[in-house]
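In our numbering, the protein residues as written are 2 to 257.
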Ligand SMILES: Nc1ncnc2c1ncn2[C@@H]1O[C@H](COP(=O)(O)OP(=O)(O)OP(=O)(O)O)[C@@H](O)[C@H]1O
Ligand SMILES: [Mg+2]
């Protein structure tokens, strides 16, 4: 099982990137996969064309609220994260033909994701279904790295935007991931669609990390997002998709 995590600053193109990786992995037959949305804004579901509510699925935060607040469940005895594991798989997991999907949801208690994170972590550790890929879409910022939803990662992708802050982000993301002992195999830098060529040329020099290339600007991506259409339906000739396809093949995600 390959675990891929995307990080980056706000609006750099993380969720689009994850979705295009999903499209690519479907195309090469690397299914089933599990998509994990850690962002409270929950954009990933829409981009991959699912509506959790319509599917009758709940986020992990909602399941925790149901169990421990509304039903007055007691937290004595079994650790809440353990008690949640089966519930997550029964009521939180959307199962599709190519991928399954689970979302952490909004903040459980203001300022702290400890409980939903612990529940998700436990559930992920207890995965019985064998996924070929697990893809994690992160919120902007780096706080979630401390949350250590998964401690084992194969590829970490930092999607940058055209700013000095993006370079700081890379440095900090790399350092924090090491500090909190996320055991990652590769750390790659990917340029978001707004990064100009001049900046691209500097990435490797400045970061000393492998740079994979840029996700091309694609007006269809904008259009699909605006109308709420799934990016999985983009034509294979989509410039953004083609760049992701190339970059994935380059780092060895080819056929299974
Ligand atoms: N390759 C692209 N071509 C054109 N527009 C794009 C592309 N990638 C992303 N966008 C635009 O940028 C917006 C933000 O992209 P996306 O949601 O992927 O960023 P993000 O990093 O996940 O944002 P957030 O930090 O809010 O989670 C999209 O809604 C879309 O309009
Ligand atoms: Mg996002």
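Backbone N, C-alpha and C fix where the C-beta goes; we use that ideal spot for every residue, glycine too.
Return helix, strand or coil for residue i, following the three-state DSSP convention.
i: residue 88; result: helix
i: residue 173; result: helix
i: residue 40; result: coil
i: residue 95; result: strand
i: residue 32; result: coil
i: residue 5; result: strand
i: residue 161; result: strand
i: residue 137; result: strand
i: residue 196; result: coil
i: residue 252; result: coil
i: residue 49; result: coil
i: residue 224; result: helix
i: residue 207; result: helix
i: residue 235; result: coil
i: residue 62; result: helix
i: residue 56; result: coil
i: residue 219; result: coil
i: residue 68; result: helix
i: residue 13; result: coil
i: residue 132; result: coil
Bridge partners for residue i per DSSP, in chain order?
i: residue 147; result: For residue 147, which the question treats as bridged, DSSP gives no partner whatsoever.
i: residue 263; result: No statement about residue 263 is possible, as the shown extent of the chain runs from 2 to 257 and does not include it.
i: residue 103; result: 37
i: residue 189; result: 158
Where does the unbroken beta strand (DSSP E) through residue i begin, and where does it stop?
i: residue 215; result: 212 to 215
Name the residue from the options whose alpha carbon lies nearest to the alpha carbon of residue i.
i: residue 57; options: 40, 48, 91, 33; result: 91
i: residue 94; options: 147, 34, 232; result: 34
i: residue 115; options: 145, 88, 131, 87; result: 145
i: residue 9; options: 52, 168, 22; result: 168
i: residue 99; options: 177, 179, 20; result: 20
i: residue 159; options: 89, 84, 188; result: 188
So residue i is in the alpha helix (DSSP H); what residue range does that whole segment cover?
i: residue 125; result: 115 to 126
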